[in-house]
Structures are given as structure tokens and as C-alpha cells.
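Residue numbers (my numbering), protein chains in the order written: chain A, 4 to 448; chain B, 4 to 448. For each residue, glycine too, the CB sits at the ideal point set by N, CA and C. Notes for the one structure printed next.
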């Protein structure tokens with residue numbers, strides 16, 4: 004196994020080293036050839052003779068050479084190994100690459116998103132694109148670490164479910180032996196069950212939604228971060244926990260993701276001091292007053308409303324984050340707790356940030372009778388959700404939680420235009436790795 | 004939110020405390036009532052008057068009381084709070100439980116596994132059952148931590164795939180808009196693609212297999228731990244990494260899971276010094292010599308062979324773990340590397356431990372031509388696996404990896420009789436939370 008990553012060459016000046024990686028770019032000056040050798044740690048410049056000119060981009064190389072300090076006037080500040088280069092003594096192509104369909108080095112790839120996705124195995128190697136998933140890893144990791152510090156337990160939520168959790172819209176169906184089964188749209192029922200077991204739980208799970216449209220904000224498969232906890236005194240504790248974890252994540256991204264952020268022109272992320280809270284009706288009034296757009300009768304915010312209220316929060320509170328609370332009962336799932344002091348409205352919230360909805364949460368009904376009554380009123384069949392009902396039948400504390408997509412928040416953090424960019428292998432109604440209509444044409448299969 | 008967990012009462016002697024939890028057991032002596040109050044940290048004994056006798060098992064309680072040291076002769080060594088009890092001053096039932104279908108306290112529940120699963124939301128609250136998932140959390144956590152120490156990057160592998168990765172057997176089909184899609188049986192193709200991006204990767208993913216039989220060792224949905232890495236000098240490095248991570252996990256279980264292990268009569272897990280390695284043919288010869296059972300022409304080990312070779316390793320090497328290597332080419336997936344020094348056999352291994360197969364791994368073919376040739380020879384269609392082929396087309400280093408189910412290893416660690424016990428919500432051909440034939444009878448839906 005390789006002993007040295009290219010980034011470590013800066014500490015090996017005058018030493019003989021063996022390096023392994025990919026030829027990222029080749030600058031062939033005939034008698035002298037420069038190669039940027041890339042591995043998972045970064046890039047280092049190789050210098051060799053004309054024999055190196057047979058090497059092509061993405062060839063996999065084994066290199067032996069000597070690390071040399073570059074003269075001051077040739078130091079490259081843009082890369083962490085910019086003060087050194089490696090004079091090649093011996094080299095070998097471990098694996099030869101075919102001619103690339105497009106140039107994959109540099110921060111400005113001159114190709115459209117569909118092309119990047121058609122060549123995903125290749126385009127992911129681009130350092131700027133790869134950086135997106137370094138950020139995603141930090142987001143997920145710090146979600147876990149932040150909640151563990153608050154005595155939360157991680158659990159594994161199922162993908163195959165017996166019954167859609169919140170009615171049947173936009174759910175994928177699975178042929179399950181002789182039965183019909185479904186793919187989980189959320190771990191909602193399971194995280195509530197687990198509150199009965201561990202009190203405070205979280206799960207990182209795949210959520211699958213048959214989104215029937217192709218938009219820049221929706222995926223059919225997402226990696227979703229869910230938390231749920233019991234023994235709350237007030238539903239505001241749920242927002243407080245959500246605020247804590249968002250701040251924790253942003254802080255960790257700043258501490259560990261500096262190199263990745265740089266690719267997106269970011270020095271560090273702005274962390275809100277305190278996230279303001281508005282009832283939906285208050286937010287709609289503010290939007291009306293600012294824009295003249297009157298959506299005050301709507302049960303939810305439109306995307307342009309989300310951008311506007313995020314802008315308002317930035318101007319008024321110095322942060323683009325804002326909690327919108329008290330959505331109408333009819334607009335929230337059947338298990339959402341109604342505010343006894345504001346009937347018709349729920350103890351629920353969305354977190355808006357980066358001009359869009361990032362997170363949703365709220366207090367849940369923990370009384371079995373009320374829960375069953377609500378489900379019946381909405382014609383939601385819970386026959387196969389017996390385990391969910393059990394959790395309430397045998398004693399459930401007051402509880403609540405929140406949920407957010409890892410892709411959506413990474414999209415916000417990095418200012419990506421399309422959520423597909425924030426998914427390693429994005430799926431939508433036309434794409435599962437490959438573009439399905441291209442492959443099948445009109446004769447869909 | 005609650006400020007104090009019951010376990011913390013040991014540090015609060017003579018103080019007034021507020022506690023929240025579930026009434027686990029009630030011992031009603033008429034004038035005096037003892038209640039074991041359970042929360043996620045453990046159990047503490049409450050002492051109160053006759054008014055407490057209205058409380059039933061699993062009622063959710065808010066308690067105010069005074070922590071008192073127990074007299075020496077009444078100390079309970081079995082629980083961490085055994086030196087104290089709480090004299091109840093004020094109490095409230097936050098949520099009333101219905102009569103339980105069976106007693107859920109204690110380490111010996113007198114019910115069958117199907118009943119435990121039919122009442123999973125309740126049975127998971129039993130401390131011995133809950134302990135299984137504390138161990139699972141530690142296993143998954145330490146898999147992550149151990150590999151991060153070796154410069155591995157975590158990635159999110161998809162659940163919905165365009166094409167079964169290794170041929171079509173036992174794959175679930177999904178209705179994907181107007182197309183057919185499938186559920187991932189393993190993250191194999193994706194982890195190999197990601198070696199081209201991050202060199203060393205791992206993923207914790209859901210793997211779905213339409214196992215057409217109900218056995219004690221198979222689930223249709225598992226949480227699987229996969230690692231894959233490039234720039235290997237020899238395939239033996241893959242086994243070395245597998246050995247490292249298994250030892251790392253067992254060490255962490257010992258350090259963090261002591262309380263959970265105790266429920267299963269375990270003080271600590273035995274950690275192998277060095278895991279022996281045998282070719283399949285050598286193992287079969289040993290088994291033949293020990294038992295007279297001649298499976299030397301078989302391409303794989305039977306369950307009873309696995310038990311026998313694990314027994315042999317225990318006697319001969321002081322560990323029940325043993326790597327079995329060099330399975331025949333025909334028996335391994337098309338991407339498995341053939342041993343150039345032992346043609347017809349592969350550079351692949353299974354890890355046997357606790358008398359069963361725990362893990363599988365090996366070196367992969369990294370040359371596109373050979374890979375495509377092998378797939379064609381086995382009639383494996385890779386048309387929709389274009390991204391996988393790209394990874395090799397554009398330069399892939401020599402690489403390999405391994406995979407193991409989190410449920411299977413937890414089953415081994417705790418000596419569980421059935422792998423369903425090690426899955427929070429086990430799925431098999433007859434069960435998705437509920438028992439499907441009971442619900443639907445002969446009229447399957």
C-alpha cells in the first residue's frame with residue numbers, strides 16, 4: 004500500500020520518494036515535461052524528461068523521484084505543495100486511460116451538467132466537484148457528532164416499508180415477493196418508535212420520493228438527516244436543538260472544510276448568532292409589505308417567498324436563516340401537534356436558509372387516540388403501521404424532531420445552482436446514473 | 004428538556020431531583036410502592052406511598068423527589084444506581100400505557116421471537132434487547148473511526164440502481180416512473196467508482212436482497228459495511244486492512260459496550276492476535292481429516308464447514324477467526340482477480356468468525372478489457388452500468404476491498420441464535436414490520 008501521499012512531499016525535501024496517483028495535467032515542453040500528479044490528498048508537480056511525454060491525462064502512475072524545493076520565483080501559492088516539485092527518476096504507467104471526453108482539471112469545467120453526470124465517474128475526480136462531497140461528509144459527520152454530544156443514539160432506519168407513512172403520494176412501489184411494498188419517503192414513524200427506546204435518536208437514511216417533475220431542487224433519492232427526542236417541556240426546545248445542530252455543522256465545515264470552501268470562493272461560512280423566528284402569517288405580512296406580493300392566504304411559502312424572507316432576515320438580523328412557524332393544520336402531516344393557544348395552526352416549523360427551505364420539524368402528537376382520529380379524518384390507512392401505533396399505545400412522552408436533506412444544505416453552503424450537483428449519483432425521473440430516455444427512447448421499459 | 008438522567012442520581016444524594024422516564028416494574032406493597040423508573044441511561048428505584056399504585060408498566064412519568072443513599076444491606080449491585088433510591092414527593096403520569104401483552108422487564112423474556120417482532124416497538128425497550136443495538140451502534144461507529152484513521156473517506160451509496168450489479172438473481176424490482184429499476188444488493192460498483200475519486204473509501208449502506216427462503220442467517224434488508232481502496236501492492240493488504248478493522252471494532256466494543264455485553268454474560272470479547280489464513284482447499288482438507296466429511300470438490304464452505312474450521316482455528320490458533328482464500332473463479336463475481344500463480348482460483352477471501360461467514364473481500368480486476376470480457380462470458384449486461392465502466396476506462400489503480408453485514412457480526416459477538424434479533428426492524432419474505440401472511444392470508448396482495 005502506498006506509504007506517502009503527495010501532500011506530504013513538502014516535508015520530504017531532498018528525499019527520495021515513491022508516489023502513486025493520476026496524471027492530472029501534462030505540460031509537454033519537448034525536452035522537459037511537467038505533470039501534475041493528483042492523489043486523494045492533493046496535487047504535486049513532477050518534472051521529467053521527454054520520455055514522460057507518452058503519459059496522458061488520468062493515466063495511473065507509480066513514480067520514483069527526488070523532492071526539490073522550488074526557487075522562490077516559481078513557488079505556486081495555489082496548491083499546498085507549491086513550494087516543491089519532484090524530479091522523476093523512474094516511472095511506470097499502472098493503468099492507461101483512454102482519451103478524455105473533456106478536460107477535467109481546473110475549477111471551471113466548460114461542460115454542461117448533463118454531460119458531467121453522463122461522465123460522473125470521471126467528473127467526480129475534478130477537485131472542485133470532489134470538494135462538494137468532502138463538505139457533505141463533514142456535514143453528515145458533524146450532524147452525528149453534535150447530537151452524540153447531546154446524548155442522542157444513532158439507529159438504522161429501514162428502506163423497505165409496508166405502507167406509505169403519510170398517505171400514498173409520490174411513493175415508489177416495490178415488488179416484494181407476492182406482496183406490494185414501498186420505499187421509505189422518510190424515517191418518520193421509525194424515529195418516533197425509537198424515542199420510546201432511546202429517548203433521543205438520530206438517523207442518516209435514504210429517503211426515496213417519486214417526484215414527478217424535474218426541478219433544480221428535487222431528487223428522487225436523498226441522504227436525509229433526522230433527529231427526534233422525547234421529554235420536551237416546550238416545542239421551542241425542538242427549534243433550539245435544530246439551531247444548535249445547524250450552528251455546530253457550520254462551525255465544523257469552517258474548521259475542517261477550508262480547502263474545499265476555497266474552490267467556491269468562500270473563506271468561511273457565516274454562522275448565525277441567533278436564528279429569528281416568525282409565524283407564517285407574520286412572514287407573509289412582511290413579504291407583502293416588502294414586495295406587494297400578497298400570498299397571505301396561502302398555507303405555505305413559495306420559493307420566491309423563501310428567498311424574500313431570507314433576504315429580510317439578512318437585512319434585519321444579519322443572518323439568512325429564519326424559522327417559519329405555525330403552518331396551518333391542514334398543510335402539515337396528521338401527526339403534527341396543534342397549538343392549543345393558536346387553534347388551526349401547528350407547533351411546527353421550517354428552517355429557511357440560503358434563500359430556501361432547508362429543514363422541517365415540529366412537535367408530534369403523542370396521544371394514541373388523537374393520532375388515530377387524525378389519521379382517520381384524512382383517510383390514512385395505518386393497518387400495516389401497527390408498530391408505530393404500539394409506540395403510543397405503550398407510553399410515549401411528549402416529543403418532536405426535525406429532518407433535513409444533506410444535499411440541500413450542501414447546495415446552500417456552496418451556492419450550487421442545482422441540487423444534482425450535491426448528490427454523488429443523482430437520481431431523478433429521467434436519470435439513474437444513465438439518462439433513461441436516451442437509452443430507451445420512446446419505447447420505455 | 005429533561006436536565007437529569009436517572010443514572011446521574013448516584014451523584015445527587017440528599018438532593019431534590021426531577022426525573023422523567025418509564026415505569027418498568029411496579030412492586031406494590033400496599034402502604035409502600037417501589038417503582039423501577041427507566042430512561043435511556045438506566046434504571047433507578049423510586050419509593051412512594053399508596054397513591055403510586057395507580058401506575059402501570061410503561062406509563063411515562065414525571066417525578067419529583069429526594070435522592071437517598073440505601074442502607075448497605077439493601078444495595079443492588081446489578082444496577083449502576085443500586086446504591087441510591089428516590090423518595091417520591093410529587094409525580095405525574097405524562098402518558099398512560101395500555102396493559103402490556105407480556106412482561107417486558109428482565110433478561111429472560113418468556114416469549115417467542117415472532118411475538119417479540121410483532122410487538123417490536125415494545126420489546127425494543129427491554130434493556131437486554133436494546134443492548135443489541137447499542138452494540139450495533141458501536142460496531143458501525145468504530146468501522147467509521149477505524150477507517151478514517153487510515154485516510155478513508157465516507158461516501159453515500161445509492162439504493163436505487165439501473166441494473167443488478169452481479170447478475171439478476173434475488174434482486175428487488177422497483178416501479179420507477181415508466182421504467183424498471185432495482186434495489187442495490189451491494190454498493191460494489193459505486194465503491195469501486197469512488198476509488199477513482201478518493202482512493203480509499205467506505206460506505207455504510209442498505210443492501211436489499213430478495214432472499215427466497217426464511218433462514219436464521221438471512222435478512223432481505225441489511226445495514227452493510229463496505230470498504231474499498233486503491234494502490235495496493237498485493238491483495239494480502241486487503242486482508243490486513245480487514246483484520247485491522249475487525250480488531251479495531253472488537254476493541255471498541257470492549258471499551259464502550261461493557262454494560263451491553265454483560266446482558267449476554269460477556270465480560271469482554273476475545274480479540275485475535277493474528278488471524279490465520281488458509282486456502283479453501285486446505286480448509287476442506289482439514290475438515291475432511293477432522294470429520295470424515297468430504298466436501299473437497301465443493302466450491303464453497305457449507306455452514307457446518309464454517310463451524311468446523313472456526314473450531315479448528317480456536318484449537319490451533321487460539322481464535323475462532325480464520326481467513327479462507329482462493330475460492331474458484333466460477334464461484335466469485337466476474338470482477339474478481341484471478342491468482343496468476345494459482346490459475347482457476349481467485350485472490351479473494353471470506354472471513355469466518357463465531358462459526359460463520361462474517362465478511363467477504365478480495366482484489367478486483369482493474370483492467371477494462373478483462374472486466375468486459377469476463378462480464379460477457381457470464382452474460383452479464385453492463386449497458387446501464389456505464390459509470391462503472393468509465394471508472395476503468397479512465398485509469399483505475401490496482402484495488403480491492405471487503406464487505407460485511409453489521410447484523411451478522413453483532414449476531415456473532417453476542418451469540419444470538421437468529422440474525423433477526425440483530426436487526427431493529429427485520430425484514431424477510433414474510434415480514435415487513437407486520438407478518439404479511441397473517442395480514443393477508445391466502446389472498447396475497
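Asked, Found
"For residue 260 of chain A, the first and last residue of its enclosing beta strand (DSSP E)", "Careful: residue 260 of chain A lies outside any beta strand (DSSP E) and carries neither H nor E."
"Unbroken beta strand (DSSP E) run spanning residue 98 of chain B, endpoints", "87-98"
"Residue ranges of each alpha helix (DSSP H) within the segment 130-171 of chain A, 4 or longer", "130-151"
"Residues that DSSP places opposite residue 348 of chain B in a beta bridge", "B/331"
"Residue 406 of chain B versus residue 230 of chain B: straight-line alpha-carbon distance, rounded", "6 Å"
"Segment contact, 8 Å Cβ cut-off, at least three pairs: the segment 381-392 of chain B with the segment 354-368 of chain B", "no"
"Proximity to residue 268 of chain B [Cα-Cα], best of B/45, B/111, B/280, B/55", "B/111"
"heavy atom of the ligand PLP below 7 Å from residue 72 of chain B C-beta", "This structure lacks the ligand PLP, and indeed carries no ligand of any kind."
"Residues that residue 25 of chain B contacts on chain A, provided the C-beta gap is smaller than 7 Å", "398"
"Bounding residues of the alpha helix (DSSP H) (the contiguous stretch that carries residue 199 of chain B)", "191-201"
"Beta carbon proximity, residue 266 of chain B to chain A, threshold 8 Å", "no"
"Residue 340 of chain B - containing alpha helix (DSSP H), residue span", "Per DSSP, residue 340 of chain B belongs to no alpha helix (DSSP H) and is neither H nor E."
"Distance, residue 212 of chain B Cα to residue 193 of chain A Cα", "21 Å"
"Residue 179 of chain A versus residue 370 of chain A - alpha carbon distance", "33 Å"
"Proximity of residue 226 of chain A and residue 158 of chain A at Cβ, strictly below 8 Å", "no"
"Residue 101 of chain A vs residue 65 of chain A beta-carbon contact at 8 Å", "no"
"contact_flag[the segment 118-135 of chain A, the segment 69-76 of chain A] where n(CB pairs < 8 Å) is 3 or more", "no"
"CB contact below 8 Å: residue 405 of chain B versus chain A", "no"
"9 Å Cβ cut-off: residues of chain B touching residue 387 of chain A", "435, 436, 437, 439, 442"
"Alpha-carbon spacing of residue 247 of chain A relative to residue 154 of chain A, whole angstroms", "14 Å"
"Per-residue contacts from residue 97 of chain A into chain B (C-beta, under 7 Å)", "400, 401"
"Alpha-carbon to alpha-carbon, residue 183 of chain B and residue 452 of chain B", "Outside the displayed span of chain B (4 to 448) sits residue 452 of chain B, for which this structure offers no information."
"Members of the segment 161-180 of chain B near chain A, C-beta cut-off 8 Å", "161, 162, 163, 164, 165, 175, 176, 177, 178, 179, 180"
"Coarse secondary structure for residue 434 of chain B, derived from DSSP in three states", "strand"
"Of the listed residues B/27, B/44, B/30, nearest to residue 12 of chain B (C-alpha basis)", "B/44"
"Spatially closest choice to residue 365 of chain B from B/429, B/87, B/384, B/241, by CA coordinates", "B/241"
"Top-ranked residue by Cα proximity to residue 378 of chain A, from A/339, A/4, A/264, A/418", "A/339"
"Candidates A/417, A/420, A/24, A/397, of which the one nearest residue 199 of chain B by Cα", "A/24"
"Completely contained beta strand (DSSP E) runs for the segment 4-56 of chain A, where each covers 3 or more residues", "19-32, 35-42, 45-51"
"Rounded Cβ spacing between residue 107 of chain B and residue 125 of chain B (contact assumed at less than 8 Å)", "6 Å"
"Interface partners of residue 234 of chain A on chain B, CB under 7 Å", "4, 5, 23"
"Complete runs of the beta strand (DSSP E) confined to the segment 259-294 of chain B [at least 3 residues]", "280-282"
"Within 7 Å of chain B by C-beta, residues of the segment 23-52 of chain A in sequence order", "23, 25, 42, 43"
"Residue span of the beta strand (DSSP E) that contains residue 425 of chain B, given as start and end", "Where residue 425 of chain B is concerned, there is no enclosing beta strand (DSSP E), given that its DSSP letter is neither H nor E."
"Contacting positions in the segment 58-75 of chain A - beta carbon closer than 8 Å to chain B", "61, 62, 63"
"In DSSP terms, what residue 227 of chain A is bridged to", "A/208, A/408"
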